[in-house]
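Heads up, the sequence shown stops at 68 in numbering that gives the first Met the number 0, and the numbers go up one at a time, no gaps.
Note that CB positions come from ideal geometry on N, CA and C, so glycine has one too.
Worksheet: one structure, shown below.
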Amino acid sequence: MTDDKLSKIAFEIDDVISNLITKYDIDPLSFSAIILARLVRANDFIGSGEDFRLIAANIPKIKSEGAIH
0 MTDDKLSKIA FEIDDVISNL ITKYDIDPLS FSAIILARLV RANDFIGSGE
50 DFRLIAANIP KIKSEGAIH
């Protein structure tokens with residue numbers, strides 16, 4: 000997958016997240032919990048649950064650079 004394609008996917012996901020948070024008037028942390036739970040279930044279903052948990056357990060802290068995009 001190219002960097003350009005990854006960037007386009009990331010921007011589209013950012014838009015979906017923003018729209019859903021606004022639509023349902025939910026705080027970002029609560030929304031994140033919902034999304035994380037759905038990602039865990041999806042990965043469990045396709046057999047990559049353990050790998051997903053390893054990735055999630057090792058998310059590095061990054062500097063905040065302002066708005067998402």
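Asked, Found
"Between the CA atoms of Ile25 and Asp14 - distance to the nearest angstrom", "15 Å"
"Phe30 and Leu38 closer than 8 Å at C-beta", "no"
"Val39 CB to nearest heavy atom of the ligand HEM below 7 Å", "The model depicted lacks the ligand HEM and carries no ligand whatsoever."
"Sub-8 Å separation of Ile20 and Pro27 beta-carbons", "yes"
"Continuous alpha helix (DSSP H) assignments of at least 4 residues falling wholly in the stretch 31-66", "48-56"
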